[in-house]
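> Under our numbering, read the sequence shown as residues 235 to 521, first letter to last.
Idealized CB from N, CA, C, for every residue including glycine.
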Amino acid sequence: MTRSGQAPPGMTRSEEAPMDHAAPARGKAPGADDNELGGIRIHDLAQTYERVTTREIVRTHALRNVNLDVAPKEFVCLIGPSGCGKTTILKIIAGLLRPTSGEVSVSGKRITGPGTDRATVFQTPALMPWRSVVDNVVLALEFAGMPKAQRRDQAIHYVDRVGLSEFYDHYPGELSGGMQQRVGIARALAIEPQVLLMDEPFGALDAITRGHMQSELLRIWEQEKKTVVFVTHSIDEALLLSDRIVVMKEGTVITTVEVPIEQPRTRESLLEHDEAIELRRELIEML
Ligand code: ADP
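Below you can see the structure in the form of C-alpha cells.
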C-alpha cells in the first residue's frame with residue numbers, strides 16, 4: 235500500500251509507486267520496446283465535462299475525435315484559442331483526468347492514472363514556501379519513491395541543471411518568478427520522466443524572462459531529450475520550440491504542421507527565416 239496524501243504540484247504520483255525503501259518505478263514500461271519509450275498515442279479521444287446545478291446538468295464537450303501520435307523525444311506544441319481543449323489533453327496524458335471515451339497510451343502502455351514516467355510543469359509552480367529550493371525538489375523525489383539516501387544528490391543535480399546552483403538554500407519567497415519556475419522544471423526533471431507535460435509554463439513571466447526561459451528549456455531539452463508536450467497560445471513560442479505544432483480548434487485537432495527549421499533557433503533568426511515567416515502567416519490564418 236502507498237501512503238496517502240497529496241503529491242506536490244507538478245508531480246504525478248503513481249498509485250503503485252513505493253514510498254521509501256525501493257527504487258522509483260522508472261525505466262521500461264511493461265511491454266514497451268526501446269523504440270517506443272516515451273512515445274504517446276492518442277486514439278479517438280473525447281471529453282465531456284458535466285456540471286450539475288440545482289436545475290440542470292450542463293455539459294461541455296471539451297474534446298471530440300482527437301487522434302495524435304507523438305514520437306519518443308519529439309517536442310510538440312499544442313496551440314489554439316483559449317477553451318479549445320489543450321489543458322484537457324494534457325491532464326488526460328498526465329493521468330489526472332479519465333477521458334469520457336477513447337484511449338491514451340505512453341510507451342505502449344495504456345494510461346490509467348498518474349505515474350513517474352510523466353511529469354507536469356504548470357503555469358505557476360506552487361512551491362512549498364517553507365521548504366528551500368533543494369528541499370522542494372527532494373519532496374517530489376520522496377513522493378516518487380526514491381530512497382532517502384539518494385534524494386538530495388539527485389535534487390542538487392537538477393537544481394544545477396536549471397542554473398540555480400547559487401540558490402540551494404533559498405526559500406521560494408526569496409526568488410523571482412522566473413527562478414521559481416526553474417525550480418518547478420527541476421522538480422519535474424528530477425524524477426526523470428520519459429514525458430514532460432508543460433502547460434503554458436512561461437505564461438506568467440515578463441517577456442524578457444520568458445525569452446531566457448525558452449532558451450534555457452531548449453538547452454535542457456538538447457541534453458535530456460525527453461518527449462515534450464507543451465501547451466501555448468503563442469505562435470512565436472511554438473515556432474521557436476517545437477518539432478511539430480498541433481493546431482486545435484473547438485475541441486479537436488484541425489492539423490499538425492512540421493517545423494522544418496534546424497535547432498538551435500532564436501527569436502531573431504526566425505524573424506529572418508523565409509520558411510518561418512511563411513509558417514507563421516499560415517498559422518495566423520488558421521487560428
Ligand atoms: P484550453 O486549455 O485550450 O484553454 P481547456 O482544456 O482548459 O481549454 O477547456 C476546454 C473546455 O472545457 C472549456 O470550454 C472549459 O471551460 C471547459 N472545462 C475545462 N475544465 C472544466 C471543468 N473541470 N468543468 C467544466 N468545464 C471545464
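For the putative contact between Q414 and L375, defined by C-beta atoms under 8 angstroms, what is the C-beta separation to the nearest angstrom?
At roughly 18 angstroms, the Cβ-Cβ gap does not stay under 8 angstroms, so Q414 and L375 are not in contact.
> When you compare the segment 310–323 with the segment 497–510, are there three or more beta-carbon pairs, one atom per stretch, that lie closer than 8 angstroms?
In short, these stretches do not touch, since the Cβ pair count stays below three.
> Got a sec: does the ligand ADP put a non-hydrogen atom nearer than 7 angstroms to the Cβ of C311?
Flag unset: Cβ of C311 not near the ligand ADP.
> Which class does H277 belong to by DSSP, given the choice of helix, strand or coil?
Looking at H277 - three-state DSSP - the assignment turns out to be strand.
> Run through the DSSP bridge pairs and tell me what C311 is partnered with.
C311 pairs with F464, I479.
> What residue does the alpha helix (DSSP H) around I442 start on, and which one ends it?
It spans 441–458 - the alpha helix (DSSP H) in which I442 sits, taken as one unbroken run.
> Once you ignore the five residues that flank G417 on each side, which residues in its own chain have a CB closer than 8 angstroms to its CB?
A quick correction: the sequence has Val, not Gly, at residue 417. Same-chain partners within the cutoff: P359, L361, V367, N370, V371, V393, V396, L398, P406, L409.
> Tell me whether T490 sits in a helix, a strand or coil according to DSSP, three-state version.
In the structure shown, T490 sits in a strand (DSSP, three-state: E or B).
> Could you please give me the residues that DSSP links to T354 through a beta bridge?
Paired residues: L431.
> Any residues whose CB sits closer than 5 angstroms to a heavy atom of the ligand ADP? List them in chain order?
Those residues are Y283, T294, A296, S316, G317, C318, G319, K320, T321, T322, given in chain order.
> Measure how close the beta-carbons of G336 and T461 come, nearest whole angstrom, since I'm counting them as under 8 angstroms.
That belief does not hold up - the Cβ atoms of G336 and T461 are roughly 19 angstroms apart, past 8 angstroms.
> Using three-state DSSP, classify G437 as helix, strand or coil.
Here G437 sits in coil by DSSP.
> Whose C-beta lies closer than 7 angstroms to the C-beta of A438 among residues of the same chain, with five residues either side of it excluded?
Excluding positions up to five away in sequence, the list reads Q357, T358, G411.
> Does the segment 383–393 come into contact with the segment 332–346, if we say contact requires no fewer than three beta-carbon pairs (one atom in each stretch) closer than 8 angstroms?
The segment 383–393, when compared against the segment 332–346, does not touch it at the 8 angstroms Cβ threshold.
> How many Å lie between Q384 and R421 at the Cα?
Whole-angstrom Cα-Cα distance: 15 angstroms.
> Candidates F309, V300, T282: which alpha carbon is nearest V465's?
Selected option, being the one with the closest Cα: F309.
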